[in-house]
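Residue numbers (our numbering): 26 to 182.
We put the beta carbon where it would ideally sit given N, CA and C, even for glycine.
It should be emphasised that the depicted structure is a prediction, and the values quoted were computed from it without experimental measurement.
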C-alpha cells in the first residue's frame with residue numbers, strides 16, 4: 026500500500042467516525058419536546074420580570090422536591106415558561122429533561138440531558154427557534170442543573 030493510499034484510508038476512516046458520532050439537531054428535526062398540556066396543574070414557582078417581559082414559571086411537584094433537597098431535577102422534568110409582553114402572552118418556552126437527550130448536542134453547548142423548544146402563543150412550535158440559544162445561555166448554570174431559577178424552585182411551596 027502506498028503512502029497516498031494509507032493517507033486516503035486514514036482520511037476516509039476519520040470521516041466515517043466523525044459522521045457516525047454526535048450530531049446537532051436541526052430545528053425541523055427537534056420534535057422531541059412536545060407542548061406540555063396540563064402544565065398549569067403543576068407548581069407555579071416563580072414570576073420573573075425582565076424589563077418589559079414577565080415570565081411565569083411552572084414545574085412539577087417532583088422537581089420542586091428534588092430542588093429542595095439540592096438534587097438534580099429528575100428525568101422527565103418539564104419547566105414551562107410563559108412569556109408575556111405588554112401583558113399579552115407572547116410565547117412559551119419549554120425545557121425538558123430526558124435520559125440521553127444531551128447526546129444530540131456537541132459538548133460545548135450540551136446541557137446535561139435537557140432540551141428546549143419554543144412555542145407560539147397558539148401552542149404551535151416555532152420552527153425559527155431550535156433551542157441553540159437556550160443551550161448556550163443555560164450552559165452557564167451547570168451547577169444548578171442548567172436552570173436559572175433553581176433557587177426559586179427550592180423556595181417554592
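Rounded distance between the beta-carbons of residue j and residue i, thought under 8 Å
| i | j | result |
| --- | --- | --- |
| residue 158 | residue 109 | No, residue 158 and residue 109 are not in contact; Cβ-Cβ is about 19 Å, not under 8 Å. |
| residue 88 | residue 178 | 6 Å |
Beta-carbon contacts of residue i that lie in its chain and below 6 Å, excluding the five residues immediately before and after
| i | result |
| --- | --- |
| residue 97 | 170 |
| residue 139 | 120, 122, 171 |
| residue 93 | 179 |
| residue 104 | 84, 120 |
| residue 163 | 136, 171 |
| residue 71 | 82, 174, 177 |
Selected residue, minimal CA-CA separation from residue i, among the options
| i | options | result |
| --- | --- | --- |
| residue 115 | 77, 90, 135 | 77 |
| residue 153 | 65, 105, 137, 118 | 118 |
| residue 168 | 73, 107, 95 | 95 |
| residue 144 | 69, 74, 107 | 107 |
| residue 60 | 142, 124, 132 | 142 |
| residue 101 | 112, 111, 124 | 124 |
Alpha-carbon spacing of residue i relative to residue j, whole angstroms
| i | j | result |
| --- | --- | --- |
| residue 90 | residue 84 | 11 Å |
| residue 150 | residue 182 | 31 Å |
| residue 174 | residue 130 | 23 Å |
| residue 63 | residue 99 | 19 Å |
| residue 74 | residue 148 | 22 Å |
| residue 112 | residue 65 | 18 Å |
| residue 132 | residue 165 | 13 Å |
Contact set for residue i: own chain, Cβ-Cβ below 8 Å, skip 5 residues either direction
| i | result |
| --- | --- |
| residue 126 | 57, 138, 139, 140 |
| residue 86 | 67, 68 |
Same chain, Cβ closer than 7 Å to residue i, five either side skipped, listed in chain order
| i | result |
| --- | --- |
| residue 146 | 114, 115, 116 |
| residue 156 | 55, 140, 141, 142 |
Interface flag, residue i vs chain C, CB-CB below 8 Å
| i | result |
| --- | --- |
| residue 155 | In summary, chain C is missing from the structure at hand, where a single protein chain is found. |
Exercise. Whole alpha helix (DSSP H) runs in the stretch 54-119 with 4 or more residues, listed along the chain?
Worked result: 86-93
Exercise. In chain order, which continuous runs of the alpha helix (DSSP H) of length 4 or greater are located wholly inside the stretch 134-164?
Worked result: 157-163
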